[in-house]
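What follows is a set of notes on a single structure, which appears directly below.
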Amino acid sequence: IEQIKTEPTVKPTKISEFFINTYDNQDITEEFLQDTGVQLVILSYKPLYHGIETKISIVEDSIFAFDTIKLPNRKNEIVKRFTEIRKTEVKEEKLQWDADYLDDFLNVIKPFTDLAVKEGIKIKVITAGLDAGKAKDLSVASGIEAEYFTADDILLKTVMRSNPGIMLWKNGVILQKWHYKKLPEWDQVKQQFLR
Numbered sequence: 137i138e139q140i141k142t143e144p145t146v147k148p149t150k151i152s153e154f155f156i157n158t159y160d161n162q163d164i165t166e167e168f169l170q171d172t173g174v175q176l177v178i179l180s181y182k183p184l185y186h187g188i189e190t191k192i193s194i195v196e197d198s199i200f201a202f203d204t205i206k207l208p209n210r211k212n213e214i215v216k217r218f219t220e221i222r223k224t225e226v227k228e229e230k231l232q233w234d235a236d237y238l239d240d241f242l243n244v245i246k247p248f249t250d251l252a253v254k255e256g257i258k259i260k261v262i263t264a265g266l267d268a269g270k271a272k273d274l275s276v277a278s279g280i281e282a283e284y285f286t287a288d289d290i291l292l293k294t295v296m297r298s299n300p301g302i303m304l305w306k307n308g309v310i311l312q313k314w315h316y317k318k319l320p321e322w323d324q325v326k327q328q329f330l331r
């Protein structure tokens, strides 16, 4: 048997491996690319934080016991009685975000996305290296309420070098990419791309 292999018509590149996942590892790439609406996508291939602060707190739980009392010629009665207070240690981890990185979100990206949300535009954040808990922490710290997803850091760096960077998508196509330091005024974006 002779097997003849030819070169593919379109050479594979890193962007050929474009994939986006939810934090519970569901591939949503096709849904993302087939979205016919307008969306602002914030990419961060390297979320910057210094460490994790662990806070331990004691939570008190009241423990009750339930007894059934059988009474003659009547229905059984259920009695609830207090037995003890149980103390449980709860660990809470909070990221210590890099001040400059968080400042970019709070003072540059958030005001821009707030104006987009008022126009009905969806906001999505794609990061690398974060789990669901850390992504939620970024959402709280930055004040950006959006759908958060994960992707490969090299892929994200291939798509955009800015960390973080902002992209405007429509019908699954990137209309424009901006470095966070060169983000235009929202009115300019609206007039140029969203008529």
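Quick note on numbering: the sequence shown equals residues 137 to 331 in this note's numbering.
Every residue, glycine too, gets a C-beta built ideally from N, C-alpha and C.
For clarity, every value in this text was computed on a predicted model and none was experimentally measured.
Take Glu229, set aside five residues on each side of it, and the residues of its chain with a beta-carbon closer than 6 Å to its own are Ile188 and Thr190, in chain order. Beta bridge pairing from DSSP links Glu225 with Ile194. Taking the CA atoms as reference points, Arg217 sits about 14 Å from Asp197. If you ignore the 5 residues before and after Gly279, its C-beta comes within less than 6 Å of the C-beta of Lys246, all in its own chain and listed in chain order.
If you draw a 10 Å sphere on the C-beta of Val226, you find fewer than 16 other C-beta atoms in it, and that means exposed. Minimum Cα-Cα distance from Thr263 among the listed residues Leu207, Ile290, Glu213 and Gln170 corresponds to Ile290. Ranked by Cα distance from Phe200, the first of Ile221, Arg210 and Val295 is Ile221. The beta carbons of Trp305 and Val177 sit about 6 Å from each other, so the pair counts as a contact at 8 Å.
For Leu207, the three-state secondary structure derived from DSSP is coil. Looking at the backbone, the Cα of Tyr284 and that of Thr165 are separated by about 13 Å. The residues Tyr159, in chain order, have a CB closer than 7 Å to that of Asp267 in the same chain once the five nearest residues on each side in sequence are set aside. Of the residues Leu319, Gln327, Leu292 and Met303, the one whose Cα lies closest to the Cα of Lys182 is Leu292.
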